Structures are given as structure tokens and as C-alpha cells.
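Residue numbers (the working numbering), protein chains in the order written: chain A, 21 to 192; chain B, 1273 to 1784; chain C, 654 to 1278; chain D, 6 to 105.
From the three backbone atoms N, C-alpha and C, an ideal C-beta is built for every residue, glycine too.
Quick caveat: nothing in here was measured; it's all calculated off a predicted structure.
Structure record follows, encoded as C-alpha cells.
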Amino acid sequence: MEALLQEFDTLLLYVFAGLSLAGAIAMLVLQHPMRVAMALVATMIWLGAIYGLVGVHFIAAFQILIYVSAVMVFIIYVIMLLDVRDMAYTRRYAGLLIPGAIAAVVFFGVLAATLWRTVEVPLTTTAAFGIGQFAVDFLQQYWLQFEVTSVLLVAAVVAAIAVVKAGGKDHG
Amino acid sequence: MSDAAWLNVVLFLPVLGTALLLFVPATRESAIRTLTLVAMAAQLVVTGFLYAAFDPATPGLQFATRLPWIPAWGVTYTIGLDGYNVLLVLLTAFLGPLVVAGAFTAVRRDVKLFYCMVLLIQFAMMGAFVAQDLFLFYLFWEAMMIPMFVIIGIWGGERRIYATFKFVLYTAFGSILMLAAMIWLAWSLATPEGALSFAFTDLYQSRLPLSTQVLLLSAFGLSFAIKVPIVPLHTWLPDAHVEAPTAGSVILAGVLLKMGTYGFMKLGFPLFPDATMVLSPLLIALAVVSIVYGACLALVQDDIKKIIAYSSISHLGYVMLGLVCLDLVGVQGAVVQMVSHGLTAAGLFLMVGMIYERCHTRELAAYGGLAKVLPVYSLFFMLLTLASIGLPTTSGFTGEFMVLLGAGTAGWQQYSQGSSFLLASSAVAVTGVVLGAMYMLRFAQGFLFGGERVPHGPVLDLDLREKAILVAIVAAVFWLGLFPAEPLAKTELAAQEYRQLVTTSRLPGNAP
Amino acid sequence: MAHLLTWIVVLPLVGFVLNGLLGNRFGKSFVTVVGCGLPLAAFAAAMACVLDLIAGGAREPLVHVAYTWAVVGDRTFEVAFWLDRLAAVMVLIVTGVGSLIHIYSTGYMHEDRSYARYFAYLNLFLFFMLLLVLGRSLLVLFVGWEGVGLASYLLIGFWFEDAEKARAGKKAFVTNRIGDAGFLLGMFAVFWALGTLDMDKVNAAYMAGPPPAVAASVVGVLLFIGATGKSAQIPLYVWLPDAMAGPTPVSALIHAATMVTAGVYLVARMSGVYMHAEFASSVVAVIGVATAFFAATIAVVQNDIKKVLAYSTVSQLGLMFVAAGVGAYGVAIFHVYTHAFFKACLFLGAGSVIHALSGEQDIRRMGGLAKRIPVTFVTFAVATAAIAGIPPLAGFFSKDEILWYAFASGKGGSPLLWAVAAATALLTAFYMFRLLWLTFFGRSRMSHEVEHHVHESPLSMTAVLTILAALSAIGGFLALPHWLEMQLPLPPVPDALHHFEWPLLVVSVVIAASGLLGAWYFFGNDAARAQRVHAKGLHRLLSAKYYVDECYERWLGRPLVWVSDRLFLNVGDRMLLDGTLNGLARLAQRGAGVLSRIQTGSLHRYVLFVLAGSAVLLLWSIGRV
Amino acid sequence: MDKLQLLLLLALALFAIGLLGVVIRRNLLVMLMCMELMLNAANLSLVTLARQTDTSAGAVLVFLVFVVAAAEIAIAIPIVLLLVRRRHTLDADAYADLKG
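Spelled out as C-alpha cells, the structure:
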């Protein structure tokens, strides 16, 4: 039974991986930004599923909560707000399709080959990694990083306000 | 408060002053000036006490503070006084109030920013002298450049942009090399566990192969040589001096240039003794070339600031000669010459500033017969000129004489061992004495004597503030000229240690 | 008593400080009292010290260490004063003649605006001169040596409004510095060889024991280079004639009686070295005799009363060096001593003449002054006779001794040396009497305006002239060389030559007399007779002083400026260094221009660069693994 | 192919696709979304390796990346809005003259 479950987990992993990859590829080819956004949302959800599968459930939850709900909603909202149908819409690719693709393939290929050659240690998904331990580590060991990040957040907020204000000023 | 804390007070007083200045409104200029002056004067007073308390018989650091700073890289905050820096610290603190007072009437624009910059550069210079950790030293070394850049760039003359860029490019080039060399040095001395140390005392224990030493000395040396400056890396100096405001010139000539020679004495040569020995003919040649070349160029300048600038090159050539001849008298002379040049060049630049405020030109030919119009001014000018050409009883004599005596005796020493190079070099260096008299007297001649020519009408002689500044400098000049025994005693041990370090080979193979 | 030595030196310094700082505020009488009083006090102190020295038999010098100037390692540099017989002679000359000239100056400079400054400088000079004379070590001597150069510079250029005079001061200082460079090198050699600069120790080291590491001749020649500068010998004599731009009492004090004899004093002081430096001694003698003769020829045709005296000084200094060069140091000092009297008297007399003539210095526009200014005339005549070597005046004794040792000294004396020195003596007598004749006898050639104002000088001046004339007359009877012999032994004279002594003495007298007669013949009653001598080329050469100044200017001065300006400044600094730098800057600018074309503004392109760049880096790293 | 390799490979692929998307897509918003994809890819590799080494640092980093991503979007979106307000286009190449 245990082994069967294990097998099932692995199978699911493959499925989720395949789905998220498909979503990513769809992002490249779809024309309408809204569709791209949907593809991205799908990818993110599948990734969240993978996180859950490898045992970090709270990260999976954050993935859905922060990314899918906050960030992507924001983007979708903007897409709906703008809906500019111009060159960017009619011609979805810039002129660098071929060199970009080649470079990306090389990039991927080299890294994949390295990966293939070197990593042989199996993934240890022994115990689930709970939010409890995360919280302890986070606030005891990494509080400084957290604080620095919050400073960054504040800066981002200020910057966003500044950008909007500056833009407003230009147009009177 | 412990003794060591007072050195920190000296170091951070300018920072405190700057912080306080920030709270003074920019329009209240006299308050700004007074505050800056008070900060500088306080620094001088504390430094004076430290100098008096400095014990000449104790080797090594005094008033030392050692605190860990960046433990991961082995960087510490270590400062202290020793024989190497004690006179230079005193000189820096001494010139501080004079620079501030000298700029009272000269600087009319952005007064607050100006005095902030003066205080900050004072901090950086003081820091570079008292730092006993290479990393700290490097930070201060770099920090000096920024206020100087601002001072020349904002309050400078017409071609100030060109001058600042030249200055910054030269010094930044040198600094990059030093940074690289510094990192290399620290890494090559890392313990097997990977622990680094930048403390001077640890670096003095280094054992490096000759080729590495030569390479690192070249990198450090280029950086220092640009600051000194040694011919042929000197062309930034005349431009910077000419364009800099008086305060800038005074700081530059008075203290900043000594950074280079101090660097050689404290770091360059003692860190790489074998390389120094290999390169010493080159260094001697460069020192002598600097003496003669600077003097020759000073002889044909028409701009009074350029004359002093080129004379600085010549005078610092003596310092280099004293340092590389490795005779104890010469080394001691080099230290005195550093201080002496700091005093005379600073004084002369202040005087040029004073006349420039009155007449608004630096053309030598535009002046004449000032001795009659401005007798007090002329008296001080003559005194400083004479100090600059090393007339006995002035500090210039003490420095030049001891350097030349050291180089000469070392030259005879080597001659008796079959090498006449140093003897010939010191003979050539002695001609600098003649050339010095020629250019400085040509200067004084055209300036003070002859028919009266004062551009832009009637001028007033020195006021009380200016007299006080010059009296202070002249008093210091005579103190060092007539009674050098006491300051020399304070540097004696350091000079001996320097000689010891440089003359002891530290190749990897040798047993310690 | 020894501590009084310090006071001898310090008193004039006090005068300098008081006069320099307060002189203008407190007025002339204050300046006069301070300016003359302190040198007189120094003279009194010197007298006391010398009497003390003599009372002690003058065998042991008085020594006083004022303070330690510096200590470096095991080397100590002390400021110590040292009074032995030699120094005693010098210190009395300096303070004595110095005080007299100070007093004279109160009359001469009375009308000058910068009265206080003048006395301040003069006191400063005395301070440095006494430092020079009393210093125990070469270092202290050098301090004085340079210091008197400074005072000389300041006093030559005293009337600095005249750029020409200021330039003369500069020339003096720079020329002296060239000599000083040699002096410094000599000092270094001594310091290395012996580890001390105390002259008594240096002398002792060369006199006794194993020869020090540096040959005596090296030290001797290097120090003598310094002496050629200070004492105006070939090739550095050129400053002294120009130095006449200063006030006349200054010429008397500094450029005749005291400072310029410092070189001779140096050689005598270092006699321990020179006695063992055959080569250096020959150099001293040859340079001395050459200078003596050379300057004397120039003096014959000069028309400026002070220039004649200046060249005469150069010439007399040459004779002193002849004596020093053949080992007769005491004789050299003897001549220093007599020369101080008669040359000071001559200069001060000349000053009196110039004073009387409202500043006229050209002897072609003088004449017939004997009756108008009798005191000046009499004293001038006595001094002239003294320098010409008319017995029994002071100059006769010292000059005769020099000639004798030039001939007979066992240490380099030779008939040739004697012949040239004797020819110099002849020329000396000739040009000095020419000067006397043209100035005081014959018809007056003065302009009416000048003639109207001719007047005898005030008492302060004439009294000094009288004292100096009296000393030039009787000073020779003091057998100075023999008193000094204990310290400065006279050279041995080969027995074979002893019977030449009296004939040579007669020859000396004849020389002096023939010089007098020659001058009388050419310039005596008919000044035109000199005009009829046909030697235009020679005359032009002599008038132009052998074109030495012009040669120096052309071959040394101008090339130096040319090299500095054209080669160093334009080619070196501007073209090579700044040119390279600016070239590099332009290169960087161009390169940046090329590179900036990549900056298209297309985000896609930028990201592609990042992507492609990392791809290439990855490929490269794969290749390395 | 075990799970570790699979997941890392997936992260790589997503990253490469995201990067490629930024290079080739014209639409500014799409480019932004592709960047989000790249961040996700990075997160995936962080999580994977955190699981493999059994440490919490990876998870913490992921958490911080979330924060940064939010901040990034918060600034990027207003900028895009402003740009569009001026030029009425989302074509990235249309703003090439911003290079100055």
C-alpha cells in the first residue's frame, strides 16, 4: 500500500510537472495577454500542487494566496483596464525569435546536461516541513533578512506612490 | 576616559562638527565659521595633549584602540599613535584651524557645504594617519578624495572641472591598484583556515617571494607615488593646485601629499623589504629626478601657485630620497621634511590666497615691489620663502640637511663598497639646494622687489586674523628649525623600526 | 666665563629682533642705541672672553655647549661654541670692526627711510657671522655660513625698489649656494668617515692616527668649493662686484672685512685636514693666486670707486688663499686681520666720498677732493698705502709674509707662485694709487651742482675712519702669525732659501713703490697720459671683465632655462605626460562612443544579451570542467 | 530520473521559457508575466533543494521572493500604466527612445 502510494505520488509529480510546463509553453504562444495570464495562473497552481506534493504545504498555500490571488489578480485587473490592441497585440513576437530561441535552448541544454551529469542524490521527502518549524527558524535565524525585506517593501510602496504622483503631475 | 579614548575623540571631532553644522541654518555664515573653527581648535588642543603625552621611549602603538569590525574578513578598527604618524597627526591638527580661519573671507558661496567638506576631509586625513589596519587605512584613503573633489569642483577656478577630473582619475587609478594589491596581500597571507588579517603588525610578518613582492610594491607604490607625487606621475598636481581654492591648496600641499610619502614609509617599503632593495636604484633615481625636475619646472612658471606646486614636487623628492637611502639620519630627516613642507607650502599657499583676495590675479608678472606696499605681508612671505629653500634655523633646513646628510653618508658608505650610484645621486640632489634658491628667489624677487606693481589699486596689509595665522605657521617653522631634538626623539624609534624592517629580508625561505 | 660665548652670539640677535619688531615704532634714537649698543656689548663680551682665554695661557679653548640641536641614533648634533686663538682673532675682528661700522652707519644711513630695517639686518648679519666664527661643529659653522649669505642677500638688495639691486642680491645668494652645495658634500664625507662634525675632532682625526676613510684631499677640495663661493674666488667670484649695489657700510663690513673672509677662516679652521691634503692645498693656492692676479687686472680699468675696491677685495682674498694653500694659515689669518682694517677703511672712505658727492660713484667725475674733505682723504690715503704694501703700514707686513711663504714654503711654495703674487701686488699698488689720484687729486671733474654740495662727513663717520686708519697703520706690528703658531703652525722653510728673505723684502718694497710711481706717472699730474696708451683691445677685455658674466649667462643660465622651459615643461610635462593622458582620455571617449551603439533602447535586445551572455559563459564553463 | 532531477529540470525549463518570453514577446505585460514565471522557476529550485538538504533556508528564501515579487509588481504595474498613458501602446520597442 505504502509503495503504491509512493508510486502514485511520483506519477502525480510527473503529471503536475507536465502540466506546468505546458502552461509555460502556452505563455509563449498565446496572443491575448489575458490568455497568457490564465496560462501563468495555471502554471502557478500546478507548481503549488508540486510544493504540496513534496511536503511544504504552507509554501503551496502561499503560492496560491500571494501569487495567484494577489499578484495575478492585480495583473489581470490591469490587462482589463488597458486592453490596448496595438502592434503588441497583432504581432506578438519581437524580431528576436530565432536568436532568442537558440540562446534559450543552449542555455537550457547546457544546464540540463550539467544536471544530468552531476546530481545523483535522491530527493529526501522524509518528513513534512511544517509551518511551525518554519516560523521558529524564520524569526530566530532570519529575522534580519526579514526586516531588510520589509524595508524593501516600504521602499516599493513609496516608489509606487512617487511614480503615480509624478505621472499625475505631468498631465496636470 | 582612558588615554586611548582621546585619540578617538581627535579622530571623530570633525565628524561631530559636521553633524552639528547640519543643524545650523545655511544663512548664518558666521555661526558656521565659528563652529568649524571651534571643532578644529578643540581637535588641535586634544592632539597637542596627546603629542605631549606621547612617550618617545615606548616602542609600538600608544593610545591604541583595537576593536573587531568585520570579523569575517579579519578587519579591525585599530587606531593608534606611533613614531611614524605622531608628527603628521600633529601637523594635520595644526593646519586644520588655519585652513578654516584662512577661508573666512575667501569662501562666500555655499559656506555650510564648504566647511562640512573641510571637516570631512580633516576626518579622513586624520583617519588615514592613525589607522593601523590596512582595510581601515584604505577606507580613509579613499574617503579623502571625495571632499577634495567637491572642494576643487565647486569653489575652484575656471578650469576646475578639468583639474578635478585629472586629480580624481589619477588618484582613483592609484587606489584601484592599491585595492587589488591589498586584497591579494591579505589573501596570500591568509592562514590555512582562511582567516584574514589586515593589521599592519600582522602584515609586517609577511613572507612573500620576490616576484610577488615586486608586483605588490609596484601596485602600492604607484598609488603612493601618484599622491606624493613623484615624476612622472605629477602632472595632476599643478593643475589641481592652480584651480583649487586656497583652502584646497593648503590641505592638498599641507597634508594630502604627505599621505603618499607616509604610505611609502608605513606600508610600501616595510611590507616588501626585498622588493624595496631590488627597486631601490629606481626609487633613488626617481626621487632625484623629482627634486631636479620639479625645481627646474618651478623656475619657469609664471603662475605663482604653479611655482609652489612644482616646488612641492621637488621638496617631496627629498622625502623620498631620505626614505630610500635607509640611513637613520636620512629617514628622520624625511619625517621632518614632510612636516616642514607641510608648514611652508601651506603657509605659502595661504599667503597666495591672501594676495589673490586683494588683487585677483596669480600672474607673477603682474606683481612687483610688494615689500613697500605690504611690509608685513612681505616679511612673512620672505620668512616662508626662506624656510622653503631650507635656510638654517628654519624647518626646511632641518629636513633638507638631514635628508642630504643621510643620503650623502649612505652614498659614501656604498661608495666604499664599490657602488657610486647613491653618492652620485645625492650629489645631484644637492644641486636641488641651488635650484631651490634660484626659483624661490626669482619668485620673491618678482613679487616683493623691484618697482611697485599692484594690480587693481590700493590694497590693505594683513589684518589681525591673517597675521595670527601666519605667526602660528612661522613659529612652528622656527620651532622645528631651532629645536628639532624633541620631535625627533618622538620619531626615533619608528625610524629605527622602519630601517630594521626594510633592511631585513623576508623571503619565504629565510628563517625568522 | 665660557657661557659668555653664547651671549656674544645672542646679543646681536636680540638687536635684530628689537629693531626688526619695534624699530619702526620707537624711532631712530632707539634703533641707534639698540643697533650699536648690542654689537658693542658683544664686542665687550668677546673681549672679556679673549682676555680670559689669554689669562689661561690660551692653550685650552673655551668651550660652551648651548644646547643639543638633535640626536639621531648614536649621533649627536650640538650647538657648541668654541673659542681658541684662531676664533679669538676672528671674533674680535667681527665684533670690533662690526661695531665700528655700525657706528659709521648711523651717520651714513641717517636719512634713509628704512633705518630700522637696515640696523636689524646688520645685527642679523653679526649674529650669523659670530655663529660662523664661534661654532665648534661644521654644522653650526654652516648655519652661520648660510645665514651671513642671507644677511648679505638682504643688504645687497636693501634698496629693493631698484630691480637691478635686488637682482644683484639674488645673484650673490645663488652663487653662494652653488659653493654651499660643495660644502655640504664635504660635510657628508666628513660625517661618514668620522661620525662627527666637530671640527676639532675632525682635525685631530686627520692629524693623528690611521687616515680616515675619506682622503683629506676630497674633503679639502669639497670644502674649498664652499669657500670659493663665500670668499669670491674663481669660478664663483662673480657675485662680489655686483654686491656693491648694497649700502657702502655693508660693502665694508660684509663684502670686505668679515663675511668674505669666512672661506679663509674655514680653510684655516680645517687646517688639520688641509695639512694632509697636498692636492687640495695646491688647488687652494693655484685658485687663490689665479683669482688674485685676474681680479687685479680687472680692477685696473674700473671706474666705479666701489667696483675697484670690490675687485681689489677679490684679489686680496686670493692672496690669503695663496698663504693658506702653502700651509701658512696663520699668515692668511694675519692678512684677514690687516685687510679687515684697511679695506673697511677704504670702503668707508669711499662711502664718505659718495656721501659727500650726493651719490656719485664714478671716479671720472671726481678729482681734487683732497682739500674739500681732508679727513676722508687722509684716512683713505693711509689705507691705500697700507693695501699697497708701503712699509711700515699693516698691509706691508701681512703681504710680505704671504709673498715670502709663496716663495719659500716647504709645502708648495715656488718661485712661480711668488712671481704671480708679486705681480698682483704690483697691480694692487698701481690701481689703488690710481684710485687715490683720480679721486682726490687733479682738477675737479664734478658737475657744478655736485660740487656745490660737497661736504665733510659727520663725526660718527670720520671718527670711525680715523680709528680704522690708525689700525691699518699700526696693526701690522702685532705678530699675529707667531701668536697663532701654536695652533696653526707655519710651514717649514728649506734652509737653502733662508738667505732670500731680506732680498725679497726689498723687492716687496720696490714693487709697492713702483706701483705708486706708475700710478703717479699715468694719472698724477696729467690724467691724459693714460689716454695715450694704445691698448684698446686689452682695455675693452678688462673693462668687460673678461666677459665672464656673459659666458656664465650664455653657457649656464640660458641653457638651464631653455632645458626647463622647452624640454621639461613643453616636451616633458605638456607633450609627453599630459599628452599621453589626454590621448588615453580621448581613446576612452572614442571607445565609449563605439560601445554606446549597442545601447539601442530595445528591452528585448538587452535581455537577449543577458541570455546569450550567460549561455556563452555556461558553454565556456562546461568546456573547462 | 529521480524526483530531484525532474524538479530541477522543470525549474530550468520554466526559467528558460520565461527568459525566452521576455526576449521574444512584444507586449510589456506579457514580458512582466514571463518574469514572474522566472521567479517561480527560481522558487521551485529553492524548494526542491531545501527539501533535498532538509534545511529551512530555502523556504525562507522562497518566502522572501514572494515579497520581492509583490514589490516588483507593485512598482512595475504603475510604470506600465504611466507609459501607456503617454504613448498608448504596450509595445516594448516603442519605448526604445527612453535610452536617452
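Report the three-state DSSP secondary structure of W722(C) (helix, strand or coil).
Correct three-state label for W722(C): strand.
Are the C-beta of I831(C) and some C-beta of chain B separated by less than 9 Å?
Output row for I831(C): interface = yes.
Does the segment 82-102 of chain D come into contact with the segment 1247-1261 of chain C, if we say contact requires no fewer than three beta-carbon pairs (one atom in each stretch) closer than 8 Å?
Touching, yes, given that three or more Cβ pairs across the two stretches are closer than 8 Å.
Could you check whether the Cβ of L24(D) sits closer than 9 Å to any Cβ belonging to chain C?
Chain C, which has a Cβ nearer than 9 Å to the Cβ of L24(D), makes this yes.
Using DSSP's beta-bridge definition, name the partner residues of D1340(B).
Just to set this straight, residue 1340(B) is Pro in the shown sequence, not Asp. Answer by DSSP bridge pairing, in chain order: T1348(B).
Applying the 10 Å Cβ sphere with the 16-neighbour rule, what's the burial state of V1073(C)?
Buried, since its Cβ has 16 or more Cβ neighbours within 10 Å.
Count the CB pairs spanning the segment 1186-1194 of chain C and the segment 1097-1117 of chain C that are closer than 8 Å, and state whether there are at least three.
These segments do not touch.
Does the beta carbon of L1432(B) come closer than 9 Å to any beta carbon on chain C?
Before going further, note that residue 1432(B) is Arg rather than Leu in the sequence given. Not an interface residue.
Run through DSSP, which three-state label would S1280(C) get?
Examination of residue 1280(C) is not possible in this model, given that chain C is present from 654 through 1278 alone.
At a CB-CB cut-off below 9 Å, which residues of chain D make contact with M100(A)?
Under the 9 Å cutoff, chain D gives no residues; its nearest Cβ is about 11 Å from M100(A).
Could you tell me whether any Cβ in chain A is nearer than 9 Å to the Cβ of I1275(C)?
So, interface residue.
For V93(A), count neighbouring C-beta atoms within 10 Å of its own C-beta (all shown protein chains included) and say buried if the count is 16 or more, exposed if not.
V93(A) is exposed by the Cβ-count criterion.
Roughly how many whole angstroms lie between the Cα atoms of Q1014(C) and F995(C)?
Cα-Cα distance, rounded: 20 Å.
For F1721(B), which residues in chain C fall below 7 Å Cβ to Cβ?
Those are G810, F813, A816, A819, listed as they occur along chain C.
If distances are taken between C-alpha atoms only, which option among F811(C), I1164(C), Q969(C) comes closest to V913(C)?
It is Q969(C) whose Cα lies nearest to the Cα of V913(C).
For G192(A), count neighbouring C-beta atoms within 10 Å of its own C-beta (all shown protein chains included) and say buried if the count is 16 or more, exposed if not.
Because G192(A) carries a pLDDT of 39, less than 50, the predicted location of this residue cannot be relied on, and no value is offered for it.
By a C-beta neighbour count over all protein chains shown, 10 Å radius and 16 as the cutoff for buried, is D7(D) buried or exposed?
Flag for D7(D) reads exposed.
Which one or two residues does DSSP pair with Y113(A) in a beta bridge?
Partner(s): R30(D).
In terms of DSSP beta bridges, what is G1640(B) paired with?
Paired residues: R1725(B).
Say whether chain E places a C-beta atom closer than 9 Å to the C-beta of A133(A).
Going by chain labels, chain E is absent from the structure shown, which instead holds the protein chains A, B, C and D.
May I ask you to report which of helix, strand or coil DSSP gives H929(C)?
H929(C): coil per DSSP, three-state reduction.
Per the DSSP calculation, V716(C) is bridged to which residue(s)?
According to DSSP, V716(C) bridges with W735(C).
List, in order along the chain, the chain D residues whose C-beta lies closer than 9 Å to that of G165(A)?
Looking at the sequence provided, one finds Gln at residue 165(A) rather than Gly. Residues of chain D passing the Cβ test: V65, L66, L69.
Any beta carbon of chain D sitting closer than 9 Å to that of A180(A)?
Yes, A180(A) counts as interfacial toward chain D.
So, is the C-beta of R1227(C) closer than 9 Å to a C-beta in chain A?
R1227(C) does not count as touching chain A.
Within this structure, are the beta carbons of S1789(B) and W1751(B) separated by less than 9 Å?
A query on residue 1789(B) cannot be resolved here, the shown segment of chain B reaching from 1273 to 1784 and no further.
Using a Cβ-Cβ cut-off of 9 Å, state whether S1255(C) counts as contacting chain D.
Closer than 9 Å to some Cβ of chain D, the Cβ of S1255(C) qualifies, so yes.
Can you check which of these residues, L675(C), G1004(C), D851(C), is closest to F1030(C) by C-alpha distance?
Residue G1004(C) is the option with its Cα nearest to F1030(C).
Which full runs of the beta strand (DSSP E) of 3+ residues lie inside the segment 1299-1387 of chain B, going along the chain?
Whole beta strand (DSSP E) segments, 3+ residues: 1334-1342, 1347-1353.
Looking only at C-alpha atoms, which of F813(C), M860(C), A825(C), G1246(C) sits nearest to L803(C)?
Comparing Cα positions, the closest option is A825(C).
Taking C-alpha atoms, which residue in M54(A), A175(A), I70(A) lies nearest to N45(D)?
With distances taken between Cα atoms, N45(D) lies closest to I70(A).
Going along chain C in order, which residues have a C-beta closer than 8 Å to the C-beta of W1684(B)?
Per Cβ cutoff of 8 Å: F841, A842, W845, A846, A866, V867.
Between which two residues does the alpha helix (DSSP H) containing V1160(C) stretch?
Note, V1160(C): alpha helix (DSSP H), 1154-1172.
For A1132(C), which of F1050(C), S1067(C), V1201(C) has the nearest alpha-carbon?
Checking every option, the nearest Cα to that of A1132(C) belongs to F1050(C).
State the DSSP-derived secondary structure class of R1778(B), mapped to helix, strand or coil.
R1778(B) falls in the coil class under three-state DSSP.
Mind pulling the chain A residues with CB within less than 7 Å of R1250(C)?
Here the premise fails: no neighbours, minimum Cβ distance about 17 Å.
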